[in-house]
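Protein chains in written order, with my numbering: chain W, 1 to 169; chain A, 1001 to 1102. C-beta atoms are modelled at their ideal positions from N, C-alpha and C, and glycine is treated no differently.
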Amino acid sequence: MSPLQVIFILVSAITLGAALMVVTTRNMVRAALWLVLTLFGVAILFVLLEAGFFAVAQVIIYIGAIAILMIFAIMLTRRIAHDPGPQINATWPIAAVIALVVFGLIVFFVQGWGKAASQPAPFPAGFDPLRELGVALVSANQYLIPFEIASILLLAALIGAIVIAWDKK
Amino acid sequence: MIPLSWYLIFAAALFCIGLFGVLSRRNAVAILMGVELMLNAVNVNLLAFWRYLTFEKMAGQVFAVIVFAVAASEVAVGLALVISVYRRRQSIVADDINLLKY
Chain W
1 MSPLQVIFIL VSAITLGAAL MVVTTRNMVR AALWLVLTLF GVAILFVLLE
51 AGFFAVAQVI IYIGAIAILM IFAIMLTRRI AHDPGPQINA TWPIAAVIAL
101 VVFGLIVFFV QGWGKAASQP APFPAGFDPL RELGVALVSA NQYLIPFEIA
151 SILLLAALIG AIVIAWDKK
Chain A
1001 MIPLSWYLIF AAALFCIGLF GVLSRRNAVA ILMGVELMLN AVNVNLLAFW
1051 RYLTFEKMAG QVFAVIVFAV AASEVAVGLA LVISVYRRRQ SIVADDINLL
1101 KY
């Protein structure tokens, strides 16, 4: 087994364990901290996929903004964080069965797929993915319109969030 | 090297853990955390397909950028809703928020 494979197995085991803690732990603040660990693990996988920009963006956007926002929301709804009642539905076995069936189906189809064992081709000399991405996002004949629509969506969502959370008293 | 299927199975496991969280948690913030896990699994898949199958086209990376933007807007609106509901009903348990049910 190559060192990369060992790193992959270690990182993915830690990430999946942390993700399980996110969905099962009782204390919401702890769940948010386990979420931070999960997001770090995914960032390491982005590095393994040679998408360094996304690893950095993952740390800045997901951990720096989204996870912190969640911790703020947990603190603002403080009484719930120490809710003594059950943190999980009465119907959780059905949810577990649905999740396991979906997982089994995906694994079944991945195993039967011809390209599942393919290996990455090395980048040709002079190929810079980050530069290509930057050009693709601002070229009118590539992805300029989706990029602008995404930014308008973000603006509209942030204005909407302010309006919804506004205290009118 | 790592075969593509490892990434796909990892992403499937992460997605299903997030799905379980969304379906089973009572706290609305925890449900949002489950959605974040599912979006992360999608991003792993997108970048794995980009790297292994079509790295000369940037479609996979561009789609991952858009997933990032959608995740940020989703969590902003979702947490604003949670805080607004908490202010009115003193609860963010999803079972208690049933005004639209009848």
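Exercise for the section: Buried or exposed for A117(W), please, with buried defined as at least 16 other CB atoms from any protein chain shown within 10 angstroms of its CB. Expected result: A117(W) should be labelled exposed.
Practice task
Could you check which residue in R1089(A), V1082(A), A1012(A) and L1099(A) has the C-alpha nearest to that of A1048(A)?
Solution key: A1012(A)
Practice task
Helix, strand or coil for R1051(A), going by three-state DSSP, please let me know.
Solution key: Note: R1051(A) maps to helix in three-state DSSP.
Problem - Reference L4(W); option with closest CA among L100(W), F108(W) and I44(W) - result: I44(W)
Problem - Pair within 8 Å by beta-carbon distance, F1055(A) and F123(W) - result: yes
Practice task
Would you check if there are 3 or more beta carbon pairs closer than 8 Å linking the region 59 to 74 of chain W to the region 86 to 99 of chain W?
Solution key: no
Practice task
Count the C-beta pairs between the region 150 to 163 of chain W and the region 1031 to 1043 of chain A that are closer than 8 Å, then say yes if the count reaches three, no if not.
Solution key: no
Handout entry: Straight-line Cα distance separating W1050(A) from I1002(A)
Key = 15 Å
Handout entry: Test item: CB-CB of G1021(A) and L1037(A) under 8 Å
Key = Yes, the pair counts as a contact, with Cβ atoms nearer than the cut-off.
Exercise for the section: Counting only the same chain and skipping the five closest in sequence on each side, list residues whose C-beta sits under 8 Å from that of A1064(A). Expected result: N1043, L1046, L1047 and W1050
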